[in-house]
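Novice: Under the numbering used here, the letters of the sequence shown match residues 517 to 597, in that order.
For every residue, glycine included, the Cβ atom is placed at its ideal position computed from N, Cα and C.
So that we are looking at the same thing, I have put the structure below in structure tokens.
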Amino acid sequence: DTDLCSRDLLKTQVSYSLTDLSKTQLNRDRKEIAPNDIPKMFQSSKTLVELIECGETDAWLSMELMFHLSALPLTLQLTNI
Numbered sequence: 517d518t519d520l521c522s523r524d525l526l527k528t529q530v531s532y533s534l535t536d537l538s539k540t541q542l543n544r545d546r547k548e549i550a551p552n553d554i555p556k557m558f559q560s561s562k563t564l565v566e567l568i569e570c571g572e573t574d575a576w577l578s579m580e581l582m583f584h585l586s587a588l589p590l591t592l593q594l595t596n597i
């Protein structure tokens, strides 16, 4: 889990939200969508596509963070101990 690895590896990080980690570690901005806005986004195809793209971007950011922190190789090493 990228969140748990970031908490272990980035002790000085103040916030571990995907938005903050993306900004501080990857220098990338992330669009946040409030949970109460999600039902409204299903009312038109344009906003629904925007919601889907935000979900896809979040998945890519999580993967980029995992590789940036070398979390996957570290997890594999710890598993093999």
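(1) So, does the region 531 to 539 touch the region 553 to 569, judging by three or more C-beta pairs under 8 angstroms?
(2) I'd like the list of long-range same chain contacts for Ala550, defined as Cβ closer than 7 angstroms, with 5 residues on each side in sequence excluded.
(3) How long is the line joining the alpha carbons of Gln529 and Thr563, rounded to whole angstroms?
(4) Can you tell me which of the three DSSP states Ala575 falls into?
(5) Just curious, the alpha helix (DSSP H) that Ser538 is in, first and last residue?
Specialist: Quick look at the numbers:
(1) no
(2) Position 34 of the sequence shown, counted from the start, is the residue given in the question as residue 550. Contacts found: none.
(3) On the sequence shown, residue 529 is found 13 positions in, with the first residue counted as 1. On the sequence shown, residue 563 is found 47 positions in, with the first residue counted as 1. For Gln529 and Thr563, the distance between alpha carbons rounds to 33 angstroms.
(4) Residue 575 sits at position 59 when you count from the first residue of the sequence shown. Ala575 falls in the helix class under three-state DSSP.
(5) Locating residue 538 in the sequence shown gives position 22, counting from the first residue. Element bounds for Ser538: Leu534 to Leu542.
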